[in-house]
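All residue numbers for the sequence shown refer to this note's numbering, where the first residue is 36 and numbers rise by one.
Glycine is no exception: its CB is placed at the ideal position from the N, C-alpha and C atoms.
Remember, predicted model here, so these are calculated numbers, not experimental data.
Take a look at the structure below.
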Amino acid sequence: MPRIRVRLDALRDRSYTVEIRPGILAEVPLLLSRAEGKRRVFVITDSNVTRLYGSEFASRLAAAGCEVALLEVPAGERSKSSPTLNGLYTRLFRGGVRRDSLVIALGGGVIGDLAGYLAATVLRGVRLVQVPTTLLAQVDSSVGGKVGIDHPAGKNLIGAFHQPSAVYIDPEALLTLPEDEFRNGLAEVVKIAAARDAPFFANIERNAPRIRRENTALNAKIVETAVALKASVVEKDERETGLRRVLNLGHTIGHALESSGGFALKHGQAIAIGMAAEARIARELGLLPPPACLRLTGLLEALRLPVDPPGTINERAFMSAIALDKKSDVTGTRFVLLRRIGECAPGVPVPADLIRKTMGLVSRKSKHG
Ligand code: ADP
Ligand code: ZN
36 MPRIRVRLDA LRDRSYTVEI RPGILAEVPL LLSRAEGKRR VFVITDSNVT
86 RLYGSEFASR LAAAGCEVAL LEVPAGERSK SSPTLNGLYT RLFRGGVRRD
136 SLVIALGGGV IGDLAGYLAA TVLRGVRLVQ VPTTLLAQVD SSVGGKVGID
186 HPAGKNLIGA FHQPSAVYID PEALLTLPED EFRNGLAEVV KIAAARDAPF
236 FANIERNAPR IRRENTALNA KIVETAVALK ASVVEKDERE TGLRRVLNLG
286 HTIGHALESS GGFALKHGQA IAIGMAAEAR IARELGLLPP PACLRLTGLL
336 EALRLPVDPP GTINERAFMS AIALDKKSDV TGTRFVLLRR IGECAPGVPV
386 PADLIRKTMG LVSRKSKHG
């Protein structure tokens with residue numbers, strides 16, 4: 036059974052285990068009631084996940100002797116908002132939340148971020164267990180402790196670091212995931228492989244034709260490797276002061292595409308386009324050999340992820356989003372760029388004209404002569 040330990044050396048009590056096993060969803064209630072005792076449990080989930088897994092999950096917890104409240108929010112990014120969060124605080128207080136209560140995030144990245152922020156802040160923090168049910172949440176957002184909500188000014192602008200006390204991942208939950216949500220998660224898999232692990236990247240290349248929602252055994256392996264890689268980065272740099280920035284590969288352009296496009300693109304699509312564009316930038320800067328750039332684009336295409344910039348980009352909104360990137364400092368926007376498959380260089384300054392050219396944006400100056 037794959038078990039990955041996330042070690043946080045300075046604060047040993049915050050280390051936690053990620054358990055990955057097909058079918059584990061049905062066992063989590065019993066595992067939890069054993070590990071946690073009979074404390075009060077709040078399961079946060081969304082309308083789709085309640086129907087598929089949430090109701091049964093809550094019944095099993097109750098059967099195991101926990102006092103359970105199942106709290107459902109509407110599915111979708113709009114629930115990662117302060118009104119939804121406020122509603123949840125109210126339901127927790129009415130439900131008698133105490134410092135020793137447990138919050139369980141059962142769902143995709145939206146639920147993980149929202150329930151995680153709820154757990155980080157209610158009564159100055161209660162314990163959190165992540166039970167991610169989308170590929171994106173399984174390979175990326177459920178591990179590492181970043182939690183938060185959106186603000187009208189932008190995505191993920193309000194948040195905290197709140198590590199879970201355990202993460203349980205069931206690759207069988209992917210069987211019900213819509214196809215485009217599955218591919219969305221694959222983009223984060225390609226990201227972590229390209230950034231950190233050349234053999235894993237080659238492995239995904241070989242297996243690309245067999246990667247499907249239904250291939251639970253293969254998915255379990257992929258999730259396990261991706262989580263181990265993410266854990267090794269988070270262990271070394273929990274708060275993103277250095278190494279953790281490599282997890283932003285493809286995300287500078289990806290985020291700018293998402294926000295300038297009014298969030299019509301899904302996150303995975305945006306970062307696939309972002310990774311392909313940033314690889315071309317790295318090639319133009321002489322950092323990345325052209326064959327490696329082709330390999331990255333080829334793998335994204337083999338996984339049926341987009342690699343070309345959308346036909347219409349709001350240039351002003353896009354370029355100002357780039358400038359507002361969280362990695363920006365007084366010296367301008369710095370990119371995480373690939374040096375070769377499996378290794379990147381963080382903090383590379385990129386001239387604005389090269390960004391425009393790569394994205395097919397003709398700057399006004401050159402348009403008029
Ligand atoms: P993400 O995980 O990509 O950040 P969401 O949390 O919004 O995004 O999840 C994406 C969509 O998939 C939501 O509509 C959610 O209700 C749905 N969903 C989550 N897990 C499953 C699952 N295992 N099967 C089917 N649908 C799911
Ligand atoms: Zn991402």
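- In the three-state scheme derived from DSSP, where H, G and I count as helix and E and B as strand, Pro-384 is classed as strand.
- Membership of His-186 in the beta strand (DSSP E) is indicated by the continuous run 181 to 186.
- With the rule of 3 Cβ pairs closer than 8 Å, the stretch 300 to 317 counts as touching the stretch 276 to 289.
- Closer than 7 Å to some heavy atom of the ligand ZN: that does not describe the Cβ of Ile-348.
- Annotation: the continuous beta strand (DSSP E) that includes Thr-80 extends over 75 to 81.
- A distance of 8 Å or more separates the beta carbons of Gln-173 and Ala-140.
- Here the stretch 152 to 164 makes contact with the stretch 127 to 135; the two share three or more CB pairs at distances below 8 Å.
- Here the stretch 195 to 204 makes contact with the stretch 55 to 66; the two share three or more CB pairs at distances below 8 Å.
- Collapsing the DSSP output to three states places Lys-115 in coil.
- By the neighbour-count definition (other C-beta atoms within 10 Å, threshold 16), Ala-61 is an exposed residue.
- If you look at Phe-353, you'll find it in the alpha helix (DSSP H) that goes 350 to 358.
- In this structure, DSSP gives Arg-369 an extended state, which the three-state scheme calls strand.
- Each residue's CA atom was taken as its position, placing Gly-321 and Thr-169 some 37 Å apart.
- Counting of Cβ neighbours within 10 angstroms places Thr-368 among the buried residues, the total reaching 16 or more.
- If you check the C-beta of Glu-319 against the ligand ZN, you find no heavy atom less than 7 Å away.
- With fewer than 16 neighbouring CB atoms inside 10 Å of its own CB, Met-36 falls in the exposed class.
- For His-302, the shortest C-beta to heavy atom distance toward the ligand ZN is below 7 Å.
- In the displayed model, Asn-191 falls within a strand according to three-state DSSP.
- The residues Ile-55, Leu-170, Gln-173, Val-174, Ile-204, Pro-206, in chain order, have a CB closer than 8 Å to that of Val-258 in the same chain once the five nearest residues on each side in sequence are set aside.
- Burial state of Thr-85 is buried, judged by a 10 Å Cβ sphere holding 16 or more other Cβ atoms.
- In the DSSP assignment, Val-103 falls within the unbroken beta strand (DSSP E) covering 102 to 108.
- Using a 10 angstroms sphere on the CB of Phe-128, the tally of other CB atoms stays under 16, which defines it as exposed.
- Counting only the Cα atoms, Asn-191 lies some 22 Å from Thr-125.
- Comparing C-alpha distances from Val-385 to each of Ala-299, Leu-372, Leu-334 shows the shortest one belongs to Leu-372.
- Boundaries of the beta strand (DSSP E) around Gln-165: 162 to 167.
- Across the structure, Gly-100 and Gly-346 are spaced so that their CA atoms are roughly 55 Å apart.
- For the set Tyr-51, Val-108, Ala-195, Arg-218, the Cα lying nearest the Cα of Arg-247 is the one of Arg-218.
- The closest heavy atom of the ligand ADP lies 7 Å or more from the beta carbon of Leu-106.
- DSSP, read as helix, strand or coil, puts Phe-217 in helix.
- With contacts defined as CB atoms closer than 8 Å, Ala-195 and Ala-155 qualify as a contacting pair.
- Annotation for Ala-237: the continuous alpha helix (DSSP H) segment containing it runs 233 to 242.
- Rounded to whole angstroms, the Cβ separation of Ile-184 and Ile-79 is 13 Å, and the two are not in contact under 8 Å.
- Residue state for Leu-338 is assigned as coil, using DSSP reduced to three classes.
- Short note on Leu-43: C-beta not closer than 7 Å to any heavy atom of the ligand ADP.
- Assigned with DSSP and collapsed to three states, Ala-99 falls in coil, not helix or strand.
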